[in-house]
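Asker: My questions will all concern the structure given below.
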Amino acid sequence: MKGVLVLCSLFILLIGQNIQDARMLGLGGAYCTLSSGFRAVGINPANINYNTNWTVNIFSSKTNILNNFLNLNRYNELNGAHFDNPLSTSYYPKENISRILKGQGLQFAINSIMSIPYLNFSKDNYAFTSNLIFYGDVQFPQAFIDLMFFGNPIGKELDMSFSQNILSSLETSFSYAYDFGEISLGGSLKYLQGIYYSNMEELETPYFKTDTTAFVGSGNYLIKQGLGGLGFALDLGLSTKEFDNGMKYGVSIINAFSSMEWNNKALMNGLEKLGVSFPVREKEYFFFSFKIDSLSSETLLGGASTQDLFKTETYKVSIINVDEIPVIDPLNYIGDMPPFYIDQTGDLSEIVSSDEQIIESDKIVKITDGRVFIPTDNLNDLSSFKAEAFTMNYPTFLRFGVSKNFKEEDVVIAADIMTGFDNMFGNEEKWKISIGTEINKNPKIPLRLGITLGGKDKQRVGFGTGYNFGNMKLDIGYGYIGGFSLNSTRGADLALSMYYDYKKSDQNKLTFIDKIKNFLSTVFDKVKESFQSDENN
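FYI, the numbering for the sequence shown is 449 to 985, going by our numbering.
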């Protein structure tokens with residue numbers, strides 16, 4: 449048991465809410481009215497020219513890692529626990545595990561955003577940004593947990609469904625904001641360049657079952673990948689000015705009307721010319737299958753090997769519809785035989801290979817929706833297969849924000865309410881509320897604290913600080929996911945940002961050091977003028 453928990457912990461270390469930078473993380477996501485410059489893109493483009501004249505990114509990176517079950521407290525409870533004796537001092541009810549997972553199995557995810565240095569900047573009302581985005585998740589079936597803790601009930605089929613998603617893309621946008629005085633309107637046109645996408649599709653429900661004599665089970669999975677995606681998205685935002693009482697309001701919709709089409713030939717051909725090789729060709733996918741056939745102590749003692757009873761196969765396939773496969777009479781066929789066909793004189797549901805050295809007939813798989821998977825490891829010509837370009841939605845979400853600037857106290861409090869319109873790549877169709885505060889008692893070192901409530905994670909908390917080197921600013925953010933402490937968190941957010949932020953001089957906002965510099969400069973100018981006056985006399 450201890451080994452299993454350690455393995456899960458290591459997995460978590462190796463692998464959200466749409467947090468974009470360190471300041472946003474420190475505020476718990478309450479950023480709709482406080483973002484500015486290039487950092488407003490993807491949050492509220494109406495804020496591009498808010499409280500700044502131009503900004504440029506030096507470095508910015510944000511990553512979160514999370515799971516849906518394990519934290520340090522739970523690890524300590526399970527490590528060495530007794531699951532069957534309620535009288536034991538280390539007793540832990542197994543039912544608690546099922547209650548926590550709610551039948552969803554173990555889930556792990558990672559989300560990362562890397563802003564390309566110097567290619568994220570703003571000037572007055574305009575902004576240009578370019579960000580690398582990576583997302584990955586994997587879900588293991590609840591059956592794994594049930595087998596581990598509850599054994600295998602006789603006659604019950606256990607669902608062995610897996611899911612896995614990986615996305616990497618380059619998001620480039622051009623943004624513009626127009627100031628009407630009391631309010632600003634802004635928009636961003638985004639170009640979405642997909643780099644790689646992969647997901648695992650289960651072909652008919654995989655299962656594992658124990659009957660009265662043996663174990664049986666089977667499952668087929670198709671690992672689909674996209675190479676070279678292309679799409680567009682639109683961000684729209686509205687923001688008020690900061691009123692005399694310190695209040696500010698905003699609303700935005702991000703990635704509206706967005707989608708991305710994958711398997712774009714232009715990108716693949718370009719990368720291949722640069723010497724980049726891909727694990728599969730266009731029109732090709734990975735196929736994985738397993739089959740357990742009458743696995744029992746009797747069959748093992750009877751001389752059967754585990755390879756005979758438990759079979760797994762992984763090979764490359766291409767997809768064709770069954771009605772596109774030629775139906776012929778092989779004995780009377782004139783000309784070159786097709787690589788695979790349906791014999792009209794035999795079983796019309798059986799697909800036959802014309803050359804077993806190239807295509808093995810027993811590896812051809814037909815499923816109920818009419819798709820047929822043809823092994824292609826030894827097949828050079830894939831022209832008979834169609835390229836399955838496919839379209840996926842891009843995460844779209846809506847955000848409302850409000851903030852209050854307590855100028856005399858050097859404190860800002862902000863709140864956002866947000867929801868997603870889909871469940872793509874960490875997005876979710878659930879309402880969440882974020883509340884954050886930024887304390888600027890020391891203008892050089894801001895302090896930030898924020899919290900998000902709602903969604904699958906229930907709660908998140910963020911901490912942040914930084915240092916202002918004049919116009920050069922450094923921000924650091926750290927957050928807990930699903931808990932309020934290191935022991936209760938099921939994941940972590942990390943972010944680091946460095947950028948240049950220039951705004952026209954505002955005497956009321958100068959720091960103490962800036963005021964000393966200006967004072968000394970004024971004194972120096974007065975002394976210089978005095979010397980020049982004496983020389984003229």
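Don't be surprised by glycine CBs; every beta carbon is placed ideally from N, CA and C.
1) Could you tell me if R547 is buried or exposed, where buried requires 16 or more neighbouring beta carbons within 10 angstroms of its beta carbon?
2) Measure from the alpha carbon of G490 to the alpha carbon of each residue in L637, P534, N521 and M608, then state which is nearest.
3) Determine the DSSP secondary structure at K550, reduced to helix, strand or coil.
4) Is it buried or exposed for D989, if we count other Cβ within 10 angstroms and need 16 for buried?
5) Taking E772 as the reference, which of V820, I887, F569 and G918 has the closest Cα?
6) From F735 to F588, what does the alpha carbon distance come to, in whole angstroms?
7) Rounded to whole angstroms, what's the CA-CA distance from K811 to M946? Just pull it up for me.
8) Provide the residue span of the alpha helix (DSSP H) that contains L987, from first to last.
9) What residues in its chain sit with their C-beta under 7 Å from that of I545, if we drop five residues either side in the sequence?
10) Would you mind stating whether G930 and K906 have Cβ atoms separated by less than 8 Å?
11) Candidates R896, N890 and T900: which alpha carbon is nearest I881's?
12) May I have the straight-line CA-CA distance separating Q955 from E525, to the nearest angstrom?
13) Using C-beta distances below 6 Å, list every residue in its chain close to Q555, excluding the 5 sequence neighbours before and after it, in chain order.
14) Cα separation between F932 and N559?
15) Measuring CB atoms only, is the region 643-654 touching the region 680-696, in the sense that at least three cross pairs come out at less than 8 Å?
16) How would you label F854, buried or exposed, when you count the other beta carbons within 10 angstroms and need 16 or more for buried?
17) On the DSSP bridge assignment, give the partners of Q587 in chain order.
18) Return helix, strand or coil for M648, following the three-state DSSP convention.
19) So, at 6 Å on beta carbons, what are the nonlocal neighbours of T760 in its own chain, with the 5 sequence-adjacent residues on each side left out?
20) How is the alpha helix (DSSP H) around G470 delimited, first residue to last?
21) What do you get for K921, buried or exposed, if any count of 16 or more other CB atoms within 10 angstroms of its CB means buried?
22) Is the Cβ-Cβ distance between T658 and S609 less than 8 Å?
23) Rounding to the nearest angstrom, what Cα-Cα distance links Q1023 and P774 in this structure?
24) Can you tell me which of the three DSSP states D858 falls into?
25) What does the alpha-carbon distance come out to for the pair N693 and G677?
26) Distance check for I924 and L1046, CA to CA, integer angstroms please.
27) So, using beta-carbon positions, are G927 and R908 closer together than 8 Å?
28) Give me the residue from I671, K604, S700 and E732 with the minimum Cα distance to D825.
29) So what does E761 bridge to, in DSSP terms?
30) I614 and G642: beta carbons closer than 8 Å?
31) Among F838, E856, A862 and Y842, which residue has its Cα nearest to the Cα of G849?
32) With DSSP as the reference, label R487 as helix, strand or coil.
33) Taking the straight line between their C-alpha atoms, what separation do you get for K696 and R729?
34) Below 8 Å on the Cβ atoms is my contact criterion, and I expect R471 with R896 to pass it. Report the Cβ-Cβ distance as a whole number of Å.
35) Rounded C-beta distance between G698 and A494? I'm assuming under 8 Å.
36) What residues match up with P823 in a beta bridge as DSSP calls it?
Answerer: Based on what the coordinates show:
1) exposed
2) L637
3) coil
4) Within the shown structure, residues of the chain are numbered from 449 to 985, placing residue 989 beyond reach of any answer.
5) V820
6) 18 Å
7) 54 Å
8) The chain is shown only over 449 to 985; residue 987 falls outside these bounds and no answer can be derived.
9) I593 and F597
10) yes
11) T900
12) With a pLDDT of only 48 at Q955, under 50, the local geometry of the prediction cannot be trusted, and the value read off the model is given with reservation. Going by the C-alpha atoms only, they are around 57 Å apart.
13) N516 and Q587
14) 20 Å
15) no
16) exposed
17) Q555 and S611
18) strand
19) F738
20) The sequence shown places Ala at residue 470, rather than the Gly named in the question. A470 to G474 is the extent of the alpha helix (DSSP H) around A470.
21) buried
22) no
23) Absent from the model: residue 1023. The displayed extent of the chain is 449 to 985, so no value can be given.
24) coil
25) 47 Å
26) Outside the shown range of the chain, which is 449 to 985, sits residue 1046, and nothing can be said about it.
27) yes
28) E732
29) S737
30) no
31) A862
32) helix
33) 53 Å
34) 7 Å
35) 7 Å
36) V765
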